Every structure is written in structure tokens, then in C-alpha cells.
Amino acid sequence: VLISNYVLGPANCYKSLAFHTFCCLNECDAVLTEVERSVGGPSAQPDVILPLLENLTTSSMDEPRPLSTGLVAKLSGIAAHSGGMVPLHGRLFTQWLHFAF
3 VLISNYVLGP ANCYKSLAFH TFCCLNECDA VLTEVERSVG GPSAQPDVIL PLLENLTTSS
63 MDEPRPLSTG LVAKLSGIAA HSGGMVPLHG RLFTQWLHFA F
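In our numbering, the protein residues as written are 3 to 103.
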């Protein structure tokens with residue numbers, strides 16, 4: 003029930019009618035889940051995260067997209083701000099994922 007409530011929550015919905023609502027999954031959540039599974043911890047170094055993300059696709063992508071040098075630099079900046087590790091559940095990494103995917 004918790005998952006269905008999250009998926010059908012108003013933040014993930016874009017149109018409501020009298021009898022149904024149109025809702026979508028947040029693709030960043032699927033990406034984060036894959037990173038968590040691969041890393042096996044709450045944080046990781048950028049050189050561990052980047053190869054994972056460079057080979058990842060989502061439902062809106064047919065093939066992986068290369069990450070720009072600006073995005074790579076921003077991820078390194080997040081790590082520098084956090085003692086060399088990127089906290090996977092932090093606000094900055096979540097925002098970074100939004101721009102990357």
C-alpha cells in the first residue's frame with residue numbers, strides 16, 4: 003500500500019478527471035535504486051558512481067547518454083563538499099540525478 007500511495011501521490015500526477023488520475027513514476031527513483039544496489043552503501047566516490055550511470059538507461063532513453071563534463075565536475079563538487087564521498091540520499095545528489103536524467 004505504501005508504494006501504491008507513493009506512485010499515485012499528487013506529486014507524481016499531472017491530470018485528474020472525475021473517475022481517474024494520470025500518474026507516472028519518477029525515473030530518478032529507479033536510477034537511485036540501481037545505484038544503491040550496485041554500490042551497496044549509503045555513499046560512494048564519484049569514480050564508482052560515474053561508470054554505473056554512464057551505462058544506465060531509463061524508460062525514456064533507448065541507449066545510455068554520456069555525462070557532460072559539467073555534470074561530472076558537479077558530482078565531484080558534491081563529493082568534495084562531503085569529505086570525498088557522494089551521499090546517495092542527500093539533496094545535492096538527488097538534484098544532480100534530476101539534471102543527469
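Note that the Cβ used here is the ideal one computed from N, Cα and C, for glycine as well. Bear in mind the structure is a predicted one, so any value in this text is a computation, not a measurement.
- Less than 8 Å divides the Cβ of Cys-30 from the Cβ of His-100.
- The closest CA to that of Thr-96, considering only Gly-85, Leu-69 and Ile-80, is found on Ile-80.
- The residue from Leu-55, Gly-85 and Gly-72 with its alpha-carbon nearest to that of Glu-65 is Leu-55.
- When the beta-carbon positions are compared, Val-33 and Leu-58 come within less than 8 Å of each other.
- Spanning the alpha carbons of Ser-78 and Met-87 requires a straight line of approximately 9 Å.
- The straight-line gap separating the alpha-carbon atoms of Ile-51 and Val-41 is approximately 8 Å.
- Residue pairing of Ser-45 in beta bridges, as defined by DSSP: Pro-89.
- Residue environment analysis places Phe-21 among the exposed positions, since fewer than 16 neighbouring C-beta atoms fall within 10 angstroms of its C-beta.
- Under the criterion of beta carbons closer than 8 Å, Thr-35 and Phe-103 do not qualify as touching, at roughly 13 Å.
- If you draw a straight line from the Cα of Arg-93 to the Cα of Ser-84, it comes to about 12 Å.
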